[in-house]
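A.B. asks:
Protein chains: 2
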Amino acid sequence: MAKLVGNAVIGQSGGPTCVINQSLVGVIEAAKKSKEIKKLLGARHAVKGILKADFIDLFKEPKDVLERVAQTPSSALGSVRMKPTHEDCLKIFEVFKKFDIRYFFYVGGNDSAETTHIINEMAREEAYEFRAFHIPKTIDNDLKINDHCPGFGSAAKFVASAFIGDNLDNRSLPGIKINIVMGRHAGFLTAASILGRRSKDDGPHLVYVPEVSFSEERFVADVKAVVEKYGRCVVAASEGIHFANGQTVAEKMAKTAEVDTHGNVQLSGSGALGDYLAELVKRGYQGQKVRVRADTFGYLQRSFPGFYSEADAREARQVGRDAVKYATSGEYPSGSVAIKRASNKPYRISTFVTALRNVAKETTCLPAKFIVPAGNNIKDSFKAYCAPLVGELPVAERLKGW
Amino acid sequence: MAKLVGNAVIGQSGGPTCVINQSLVGVIEAAKKSKEIKKLLGARHAVKGILKADFIDLFKEPKDVLERVAQTPSSALGSVRMKPTHEDCLKIFEVFKKFDIRYFFYVGGNDSAETTHIINEMAREEAYEFRAFHIPKTIDNDLKINDHCPGFGSAAKFVASAFIGDNLDNRSLPGIKINIVMGRHAGFLTAASILGRRSKDDGPHLVYVPEVSFSEERFVADVKAVVEKYGRCVVAASEGIHFANGQTVAEKMAKTAEVDTHGNVQLSGSGALGDYLAELVKRGYQGQKVRVRADTFGYLQRSFPGFYSEADAREARQVGRDAVKYATSGEYPSGSVAIKRASNKPYRISTFVTALRNVAKETTCLPAKFIVPAGNNIKDSFKAYCAPLVGELPVAERLKGW
Chain D
111 MAKLVGNAVI GQSGGPTCVI NQSLVGVIEA AKKSKEIKKL LGARHAVKGI LKADFIDLFK
171 EPKDVLERVA QTPSSALGSV RMKPTHEDCL KIFEVFKKFD IRYFFYVGGN DSAETTHIIN
231 EMAREEAYEF RAFHIPKTID NDLKINDHCP GFGSAAKFVA SAFIGDNLDN RSLPGIKINI
291 VMGRHAGFLT AASILGRRSK DDGPHLVYVP EVSFSEERFV ADVKAVVEKY GRCVVAASEG
351 IHFANGQTVA EKMAKTAEVD THGNVQLSGS GALGDYLAEL VKRGYQGQKV RVRADTFGYL
411 QRSFPGFYSE ADAREARQVG RDAVKYATSG EYPSGSVAIK RASNKPYRIS TFVTALRNVA
471 KETTCLPAKF IVPAGNNIKD SFKAYCAPLV GELPVAERLK GW
Chain X
111 MAKLVGNAVI GQSGGPTCVI NQSLVGVIEA AKKSKEIKKL LGARHAVKGI LKADFIDLFK
171 EPKDVLERVA QTPSSALGSV RMKPTHEDCL KIFEVFKKFD IRYFFYVGGN DSAETTHIIN
231 EMAREEAYEF RAFHIPKTID NDLKINDHCP GFGSAAKFVA SAFIGDNLDN RSLPGIKINI
291 VMGRHAGFLT AASILGRRSK DDGPHLVYVP EVSFSEERFV ADVKAVVEKY GRCVVAASEG
351 IHFANGQTVA EKMAKTAEVD THGNVQLSGS GALGDYLAEL VKRGYQGQKV RVRADTFGYL
411 QRSFPGFYSE ADAREARQVG RDAVKYATSG EYPSGSVAIK RASNKPYRIS TFVTALRNVA
471 KETTCLPAKF IVPAGNNIKD SFKAYCAPLV GELPVAERLK GW
């Protein structure tokens, strides 16, 4: 395979994360050093920007600015949730030809991998010489092939820390507290709520993930049993919890269901699910006075600044750099950079190239081995998998006397 | 006035903060060094613990544990929302006499100052020789007399940071985003949402505080005008916003209104207000497709660990230490430790003693000078007041090219 020389385009797609700009800066750094990439253009709002040739010349960005951008959450190039149509792809190639784009880097989750795949397939059909690389990113941690995904570690650190604080708040003013965590189909982020548990009575006491069918009756009974035992109860529930028939709890109570072009229903950006679960519990106590509260962590999980995981930031940078390395190596016509855990103690990863179709569209979910048989909690064995991705958690100490 | 020698009790009351344990540890440190305090008992769940003589011997806590407890959010002694009745107070004195309690320290907001005041008045009536000191704490920043309150700076840092990240998230995936911030009557914490604004188009673009009457029509028109200008809109709204007739928006839509023994309606721990405002906006666009999301920051604002303001932590420690100093000085029969800003550049505070009745029950609110005439935003002059309390904010950098 010949080494390609030309220009490159990069886009950031889908929900932002706290470290997605690390990957962007990783690509910029490596592209600058490469002999094959003459110019690196950043597409504003991903494919939407490519369609309009709305580009930023990324080699003109000063080094110190890039270092600070890398530490900044949210997609610095702007994002989009859009699956290009056949017509879009034709337009995209007009733009690519016009700008002599020979390298295409797309940072995102499974939907973004699908977009990369579609564009790459069209390039093949048109016999346009081209390298299309997907760079993994998702707080949901649900990309196939990968041990874990950049963006997840930082979101998991936020969620684990939030539960550490909220558990103490609940211990201080006892009651029933329900927290809704992001994660449409995969329970990884919700499972991360347990990372800070140390004492036997630490919450979350109950954890509900989308991998297990949800029953309203069982949920209320679970909460009552925990309150009986500890006088309080902290619950972690995924936004994607659903009944045995597949309907999500959020859908059941949603008046209006918004759907994006990938067919995903809006679950985030509303407190309705938490409030609904709180109502269920209140009704379950049949008029007895109980203090029930619900919080929905919302977009803070993916955008809270200054609180990322060091390992996550490092790896997000690395997959960006490695994407350029693989793309310019002349060994791969296209691919997705994937993460393998090389060793757990000491924790170390390596990357490799997998075919775009392997990570596109379909996702993976939390392995059953991490879920307790009753389906209402996460086993401590999940910590061994997750803790290295998150790093050190904030100080949380109790008085010796209590 | 004679110097009193005896034992002391400390309680932490009301909503916890990220630095309330700094004040606890400040009291423990100073009490240990004092000649007057023989034993310091921590009351579990504040007055509730005193009534049951449910105490922890705080002089037995190891120094390293205390240092870590100081950095831990939420009340390490447990909290309560309870106004003691006359009967409660009588019981409290039985306990105080039995344990030779001559010093009473109560960390909390205006409700806790009221509790301290009530207990102190009863002590006077009973001619029980006694020193009752209130130690300020509230994320609402609404205690009278004080320049600002311990706990506020850290909550403000959380809110300001959350808006930095959320504004970038919204810039990346444009739409209308509404964030609900804690603050029943005072808009200080909601106003802190502006601290991270740097570029002209940075959100929050609209800020609604309880100091200004809220109009649904004006709100929708405001949002539309911002969207017209920037193609997106980030809103900060206090949980306590209310109509001109005094009814809060939250009350209007609440099916069930929970009330505590101080007469406060539950506003936090529900996403209903944010969802209601989002619905208003959607309806305002009359069927046009708009992306509207709402997040309610909830209890994270007062309990998120590892993210406190250094100045806030230092001052919370100081008011604890100073409470012991004032109480054991023989100069004051009772009082509340208050904060004065000694200098703004360099930022420096000093403390003084004010009468309990001066901070009890009634609260203050955000001065009108910080609110724009239209009532829908906060002036940048608020930054000069607030920034020193919060300290450095996380890195947030944009690409030079955009």
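Note that the protein sequences, when read in sequence, are chains D and X.
All letters in the first sequence, in the order written, are residues 111 to 512 by the numbering used here.
All letters in the second sequence, in the order written, are residues 111 to 512 by the numbering used here.
By construction, the Cβ of each residue, glycine as well, lies at the ideal position given by its N, Cα and C atoms.
The structure displayed is predicted, hence computed values, not measured ones.
(1) Roughly how many angstroms separate the alpha carbons of residue 211/D and residue 227/D, rounded to a whole number?
(2) Per DSSP, what are the beta-bridge partners of residue 450/X in this structure?
(3) Classify residue 195/D: buried if its beta carbon has 16 or more other beta carbons within 10 angstroms, exposed otherwise.
(4) Leaving out five residues on either side along the sequence, give the residues of the same chain with a beta carbon under 6 angstroms from the beta carbon of residue 401/X.
(5) Measure the C-alpha to C-alpha separation of residue 320/D and residue 394/D and round it to an integer number of angstroms.
(6) Below 6 angstroms CB to CB, which residues in the same chain sit around residue 438/X once its five sequence neighbours on both sides are set aside?
(7) When you compare only the Cα positions, how much space is there between residue 129/X and residue 170/D?
(8) Tell me the residue span of the beta strand (DSSP E) that contains residue 243/X.
(9) Please name the residue in 398/X, 292/X, 464/X, 507/X whose C-alpha comes closest to that of residue 246/X.
(10) Let me know if residue 111/D comes out buried or exposed under the rule of 16 or more other beta-carbons within 10 Å of its beta-carbon.
(11) For a contact defined as C-beta to C-beta under 9 angstroms, what are the partners of residue 297/X on chain D?
(12) What residue from 460/X, 485/X, 152/X, 238/X has the CA that sits closest to residue 259/X's CA?
(13) Please give me, in chain order, every unbroken run of the alpha helix (DSSP H) with length at least 4 that falls completely inside the region 285-346 of chain D.
(14) Please name the residue or residues paired with residue 358/D in a DSSP beta bridge.
(15) Name the residues in the region 178-195 of chain D whose C-beta lies less than 9 angstroms from a C-beta of chain X; which are they?
(16) Going by beta-carbon coordinates alone, are residue 136/D and residue 427/D separated by less than 7 angstroms?
(17) Give the residues from the region 406-433 of chain D that approach chain X closer than 8 angstroms (Cβ to any Cβ), ordered along the chain.
(18) Kindly list, in the order they appear in chain C, the residues whose Cβ is closer than 7 angstroms to that of residue 269/X.
(19) What first and last residue would you give for the alpha helix (DSSP H) that runs through residue 252/D?
(20) Give me the Cα-Cα distance between residue 473/D and residue 254/D, rounded to the nearest whole angstrom.
(21) Rounded to whole angstroms, what's the CA-CA distance from residue 287/X to residue 441/X? Just pull it up for me.
(22) For the region 488-510 of chain X, which residues have a beta carbon sitting closer than 7 angstroms to at least one beta carbon of chain D?
(23) Am I right that residue 418/X and residue 264/X are in contact with their C-beta atoms under 8 angstroms? What's the rounded C-beta distance?
(24) At a threshold of 6 angstroms, does residue 345/X count as lining the ligand NAP (C-beta to nearest heavy atom)?
(25) So what does DSSP say about residue 136/X, is it helix, strand or coil?
(26) Residues of chain D with CB closer than 7 angstroms to the CB of residue 305/X, please, in chain order.
(27) If you follow the alpha helix (DSSP H) that residue 486/D is in, where does it begin and where does it stop?
(28) The beta strand (DSSP E) with residue 116/D in it runs from where to where?
(29) Can you confirm whether the region 231-247 of chain D touches the region 267-274 of chain D when touching is taken to mean that 3 or more C-beta pairs between the two stretches lie within less than 8 angstroms?
(30) Counting only C-beta atoms, is residue 382/D closer than 7 angstroms to chain X at any point?
(31) Less than 7 angstroms between C-beta atoms, sequence neighbours within five positions excluded: which residues of the same chain meet that for residue 141/X?
(32) Tell me the residue span of the alpha helix (DSSP H) that contains residue 399/X.
(33) Which residue's Cα is closest to the Cα of residue 346/X: 324/X, 273/X, 296/X?
(34) Tell me whether residue 338/X is buried or exposed, calling it buried when 16 or more other Cβ atoms sit within 10 Å of its Cβ.
(35) Any chance you could list the beta strand (DSSP E) runs of at least 3 consecutive residues sitting entirely within the region 188-230 of chain D, in chain order?
(36) At a cut of 8 angstroms, does the region 323-336 of chain X reach the region 297-312 of chain X through at least three beta carbon pairs?
C.D. replies: According to the structure data:
(1) Sequence index remark: in the first sequence, residue 211/D carries index 101 (1-based). Sequence index remark: in the first sequence, residue 227/D carries index 117 (1-based). For residue 211/D and residue 227/D, the distance between alpha carbons rounds to 16 angstroms.
(2) The residue labelled residue 450/X in the question sits at position 340 within the second sequence. Answer is 460/X.
(3) Indexing the first sequence from 1 puts residue 195/D at position 85. Taking all protein chains shown into account, residue 195/D has fewer than 16 neighbouring C-beta atoms within 10 Å of its C-beta and is therefore exposed.
(4) Start at 1 with the first residue of the second sequence, and residue 401/X comes out as number 291. Counting only Cβ-Cβ distances below 6 angstroms, and skipping sequence neighbours, we find 285.
(5) Looking up residue 320/D in the first sequence gives position 210. Looking up residue 394/D in the first sequence gives position 284. For residue 320/D and residue 394/D, the distance between alpha carbons rounds to 23 angstroms.
(6) If you number the second sequence from 1, residue 438/X lands on position 328. Taken in chain order, the residues that qualify are 144, 146.
(7) Position 19 of the second sequence, counted from the start, is the residue given in the question as residue 129/X. Position 60 of the first sequence, counted from the start, is the residue given in the question as residue 170/D. A straight-line Cα-Cα distance of about 44 angstroms links residue 129/X and residue 170/D.
(8) Here residue 243/X is taken as the residue at index 133 of the second sequence, counted from 1. Where residue 243/X is concerned, the enclosing beta strand (DSSP E) stretches over 241-246.
(9) As a working mapping, residue 246/X is identified with position 136 in the second sequence. Nearest C-alpha to residue 246/X among 398/X, 292/X, 464/X, 507/X: 464/X.
(10) Start at 1 with the first residue of the first sequence, and residue 111/D comes out as number 1. Residue 111/D should be labelled exposed.
(11) For the purposes of this step, residue 297/X is taken as the residue at position 187 of the second sequence. Result: empty, since nearest Cβ-Cβ is about 21 angstroms, beyond 9 angstroms.
(12) Taking the first residue of the second sequence as position 1, residue 259/X is located at position 149. Of the listed residues, the one whose Cα sits closest to residue 259/X is 460/X.
(13) Runs of the alpha helix (DSSP H) inside the region 285-346 of chain D: 298-301, 326-340.
(14) Here residue 358/D corresponds to residue number 248 of the first sequence, with the count starting at 1. DSSP, once it has assigned bridges, lists 352/D as partnering residue 358/D.
(15) Under the 9 angstroms Cβ criterion, the region 178-195 of chain D contributes 178, 179, 180, 181, 182, 183, 184, 185, 186, 187, 188, 189, 190, 191.
(16) The residue labelled residue 136/D in the question sits at position 26 within the first sequence. The residue labelled residue 427/D in the question sits at position 317 within the first sequence. Taking the C-beta atoms as reference points, residue 427/D is found nearer than 7 angstroms to residue 136/D.
(17) Per Cβ criterion, the list reads 406, 407, 408, 409, 410, 412, 413, 414, 415, 416, 417.
(18) The structure shown contains no chain C; its protein chains are D and X.
(19) On the first sequence, position 142 is the one that residue 252/D refers to. Bounds of any alpha helix (DSSP H) do not take in residue 252/D, whose DSSP letter is neither H nor E.
(20) Position 363 of the first sequence, counting from 1, holds the residue named residue 473/D. Position 144 of the first sequence, counting from 1, holds the residue named residue 254/D. Just so you know, the alpha carbons of residue 473/D and residue 254/D end up roughly 6 angstroms apart.
(21) Position 177 of the second sequence, counted from the first residue, corresponds to residue 287/X. Position 331 of the second sequence, counted from the first residue, corresponds to residue 441/X. Computed Cα separation, rounded: 53 angstroms.
(22) Within the region 488-510 of chain X, the residues whose Cβ lies closer than 7 angstroms to some Cβ of chain D are 504, 505, 506, 507, 508, 509, 510, listed in chain order.
(23) Locating residue 418/X in the second sequence gives position 308, counting from the first residue. Locating residue 264/X in the second sequence gives position 154, counting from the first residue. About 4 angstroms; that satisfies the 8 angstroms criterion.
(24) Summarising the ligand content, the structure contains no ligands, and the ligand NAP is consequently not present.
(25) Along the second sequence, one-based indexing puts residue 136/X at 26. Note: residue 136/X maps to helix in three-state DSSP.
(26) As a position in the second sequence, residue 305/X is number 195, starting the count at 1. Within chain D, no residue comes near residue 305/X; the closest Cβ sits about 12 angstroms away, beyond 7 angstroms.
(27) Indexing the first sequence from 1 puts residue 486/D at position 376. Membership of residue 486/D in any alpha helix (DSSP H) is not indicated, and neither H nor E is assigned to it by DSSP.
(28) Your numbering for residue 116/D matches position 6 in the first sequence. Here the beta strand (DSSP E) through residue 116/D covers 116-122.
(29) Inter-segment contact for the region 267-274 of chain D and the region 231-247 of chain D is absent: fewer than three beta-carbon pairs are separated by less than 8 angstroms.
(30) For the purposes of this step, residue 382/D is taken as the residue at position 272 of the first sequence. Yes, its Cβ sits closer than 7 angstroms to a Cβ of chain X.
(31) In the second sequence, the residue the question calls residue 141/X occupies position 31. Shown here for residue 141/X: same chain residues with a beta carbon closer than 7 angstroms to its own, the five before and five after excluded, namely 118, 147, 150, 434 in chain order.
(32) Residue numbering aside, residue 399/X sits at position 289 when the second sequence is read from its first letter. For residue 399/X, no alpha helix (DSSP H) encloses it, and the DSSP letter there is neither H nor E.
(33) Taking the first residue of the second sequence as 1, we reach residue 346/X at position 236. Residue 346/X has its Cα closest to that of 273/X, out of 324/X, 273/X, 296/X.
(34) Residue numbering aside, residue 338/X sits at position 228 when the second sequence is read from its first letter. Result: exposed.
(35) The qualifying runs are 211-218.
(36) When Cβ pairs closer than 8 angstroms are counted between the two stretches, the region 323-336 of chain X is seen not to touch the region 297-312 of chain X, the count staying below three.
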